[in-house]
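Trainee: In my numbering, the protein residues as written are 2 to 197.
Ideal Cβ positions, reconstructed from N, Cα and C, are used throughout, including at glycine.
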Amino acid sequence: MVDLQPTAELSDIERIAQFIASGGFEVFVHNRGERGEIEEGLASLGEDAKDRRYVLQIFFISDLAEAIGLDQDEDLETAILQFYMVLPFEIDGTATQEAVRMAHLVSKVMPVGHVAVDEMQGVFVLSYRLVMPDREPAPEIIQDVVGMIGFGLAAYGQALDEAGTGRTTAAEFSAGLATHGFDLIAPGTAASRGDG
Numbered sequence: 002m003v004d005l006q007p008t009a010e011l012s013d014i015e016r017i018a019q020f021i022a023s024g025g026f027e028v029f030v031h032n033r034g035e036r037g038e039i040e041e042g043l044a045s046l047g048e049d050a051k052d053r054r055y056v057l058q059i060f061f062i063s064d065l066a067e068a069i070g071l072d073q074d075e076d077l078e079t080a081i082l083q084f085y086m087v088l089p090f091e092i093d094g095t096a097t098q099e100a101v102r103m104a105h106l107v108s109k110v111m112p113v114g115h116v117a118v119d120e121m122q123g124v125f126v127l128s129y130r131l132v133m134p135d136r137e138p139a140p141e142i143i144q145d146v147v148g149m150i151g152f153g154l155a156a157y158g159q160a161l162d163e164a165g166t167g168r169t170t171a172a173e174f175s176a177g178l179a180t181h182g183f184d185l186i187a188p189g190t191a192a193s194r195g196d197g
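1) Does the contact criterion of 3 or more C-beta pairs under 8 Å hold for the segment 50 to 57 versus the segment 80 to 92?
2) Could you give the residue range of the alpha helix (DSSP H) that holds Gln98?
3) Going straight from the alpha carbon of Glu27 to that of Ser45, what length do you get?
4) Considering only the beta carbon of each residue, do Ala171 and Arg102 sit closer than 8 Å?
5) Quick one, are the C-beta atoms of Val107 and Val116 less than 8 Å apart?
6) How many whole angstroms separate the CB atoms of Asp119 and Val126, which I take to be in contact at a CB cut-off of 8 Å?
7) Could you pull the start and end residues of the beta strand (DSSP E) that Ile92 belongs to?
8) Of the choices Gly42, His181, Thr79, Phe84, whose alpha-carbon is the least far from that of Pro134?
9) Quick check on the burial criterion: 16 or more other C-beta atoms within 10 angstroms. Buried or exposed for Ser12?
10) Pull up the DSSP beta-bridge partners for Glu78, would you.
11) In three-state terms, what does DSSP make of Asp175?
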């Protein structure tokens with residue numbers, strides 16, 4: 002858990018972790034890489050009905066120009082906060098196509114972020130990039146982003162899990178959303194091809 006300290010003593014990711022922790026989330030900071038050169042935050046967004054924990058990885062790129070290899074005189078004055086999560090359930094190989102369709106639909110209704118399928122690993126992944134033009138992370142925005150990701154997972158995580166195991170389809174999910182006013186067409190269906 003992140004200890005709240007004076008911000009002058011904290012690294013960028015520690016300050017970001019502090020913002021997230023003050024929003025009621027459990028957050029840890031640790032170093033990765035062979036020499037510990039990558040500092041990362043890990044925020045727990047709770048568990049699903051099967052007690053599988055949602056853990057959000059957070060990376061802060063403070064100098065975008067350096068990160069993408071631009072000359073130092075081309076200073077972009079921009080930073081990126083990257084949020085990334087491997088969802089805590091696997092996709093059955095026979096359900097990959099339906100999982101991709103479901104990820105596409107869920108991405109349309111998630112408040113922030115994008116859900117995709119990593120076919121090599123057989124998992125769903127969620128990602129979101131927050132661009133900060135002045136390189137200064139805004140506490141309220143960061144808390145809102147983490148909260149909206151948590152909300153989206155609580156609302157749609159079960160549907161992703163069920164599609165990944167073949168227990169539901171994107172078309173069924175789309176029909177369920179339609180009863181609540183969301184008129185989305187599931188990709189790969191007759192309606193999406195104009196056949197129906």
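Mentor: Judging by the given coordinates:
1) yes
2) The residue labelled residue 98 in the question sits at position 97 within the sequence shown. Its alpha helix (DSSP H) spans residues 97 to 110.
3) Sequence index remark: in the sequence shown, residue 27 carries index 26 (1-based). Sequence index remark: in the sequence shown, residue 45 carries index 44 (1-based). Roughly 5 Å separates the two Cα atoms.
4) Counting from 1 along the sequence shown, the entry for residue 171 is found at position 170. Counting from 1 along the sequence shown, the entry for residue 102 is found at position 101. Closer than 8 Å, so yes.
5) Counted from its first residue, the sequence shown places residue 107 at position 106. Counted from its first residue, the sequence shown places residue 116 at position 115. Against a cut-off of 8 Å, the Cβ pair of Val116 and Val107 comes out as a contact.
6) The residue you call residue 119 lines up with position 118 of the sequence shown. The residue you call residue 126 lines up with position 125 of the sequence shown. Contact flag correct, Cβ pair sits at about 5 Å.
7) Start at 1 with the first residue of the sequence shown, and residue 92 comes out as number 91. Ile92 -> no beta strand (DSSP E), and no H or E assigned at all.
8) Start at 1 with the first residue of the sequence shown, and residue 134 comes out as number 133. Closest option to Pro134, Cα to Cα, is Thr79.
9) Stepping through the sequence shown from its first residue, residue 12 is reached at position 11. With fewer than 16 Cβ atoms within 10 Å of its Cβ, Ser12 is classed as exposed.
10) Along the sequence shown, one-based indexing puts residue 78 at 77. Paired residue(s): none; Glu78 is not in a bridge.
11) By 1-based counting over the sequence shown, the position of residue 175 is 174. According to the sequence as given, residue 175 is Ser; it is not Asp. Here Ser175 sits in helix by DSSP.
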